[in-house]
Every structure is written in structure tokens, then in C-alpha cells.
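**Q** Every number in our numbering is 26 more than the matching position in the sequence shown, counting from 1. For glycine and all other residues, C-beta sits at the position ideal for the given N, C-alpha and C.
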Amino acid sequence: MKSIIISVSKLKRLIKLARQAQNEYEKAAIYSATAALVKQVLSDKQLPKILTDKIALIGYHLAIYLEYEYHHGYHLQHHALKASDLADELEHYLQTFSNKYHPQELKLFQIDSK
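1) Is any beta-carbon of chain B found at less than 9 Å from that of Ile90?
2) Counting beta carbon pairs with one atom in the region 85 to 93 and one in the region 43 to 56, are three or more of them shorter than 8 Å?
3) Buried or exposed for His105, please, with buried defined as at least 16 other CB atoms from any protein chain shown within 10 angstroms of its CB.
4) Just how far apart, CA to CA, sit Ser35 and Leu92?
5) Who are the near neighbours of Ala59 in its chain, counting only those whose CB is closer than 7 Å to its CB and skipping five residues on each side?
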């Protein structure tokens, strides 16, 4: 459980860095770090699907914001905000439930998508 909490915290830091990125080199570094972190989390087959789906969405929106994926007509800032909202939402739920429930019981809770 601690590892997913740490991973969400790292993703929040990467989102903040993405918003501050000033050149293609910085964007590439942030994109690579994000992709590696998302891949690592998704490889953990013990995590509930609802959590891994949200992590994948954070990575997807951040990739769009960094211009490594197509933006589908939305402004790039929309994707940074969406990634940030998803990370905040995950962090809140993980902190709320980590002390009360065993990790397998987290699948009982649905996390609303905004």
C-alpha cells in the first residue's frame, strides 16, 4: 500500500514539474519519468484495477500536456488540470483508506471520475 501512495506523490511532483517545463529537454525528461513510473505501477498485479486505471489516466493526460499524445481538441491546460485532479483524488482515497482497509478491500470502493 505504501508503494502506491509514494507513486501517487511522485506523479503529483511530475505534474508540477511538467507545468514548469520550459523546453523540449525538460518535457522529454518528465515524460520519460512519468512513463516509467506508470509502467512500474501497472505491473503490480495485486493493485485493484480501479487504482491502476486512474494511474494510467494520469499518465495519459500528462503525456498529452507534454505534447507526446494528441490533445483531441482540448486545450493543453485542460489535461494538466485533469492529471492533477486525478492525482489529488487518488491521494485522498489512499490516505483515507490505507489505515482502515487491507489493499484487496480497496476494490470495494469506486473512485468517481470528474
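**A** Here's the rundown:
1) The chain labelled as chain B is not found in the depicted structure, where only one protein chain is given.
2) yes
3) Position 79 of the sequence shown holds residue 105. Label assigned to His105: buried.
4) Locating residue 35 in the sequence shown gives position 9, where the first residue counts as 1. Locating residue 92 in the sequence shown gives position 66, where the first residue counts as 1. About 19 Å.
5) Working through the sequence shown from its first residue, we reach residue 59 at position 33. Result list for Ala59: Leu40, in chain order.
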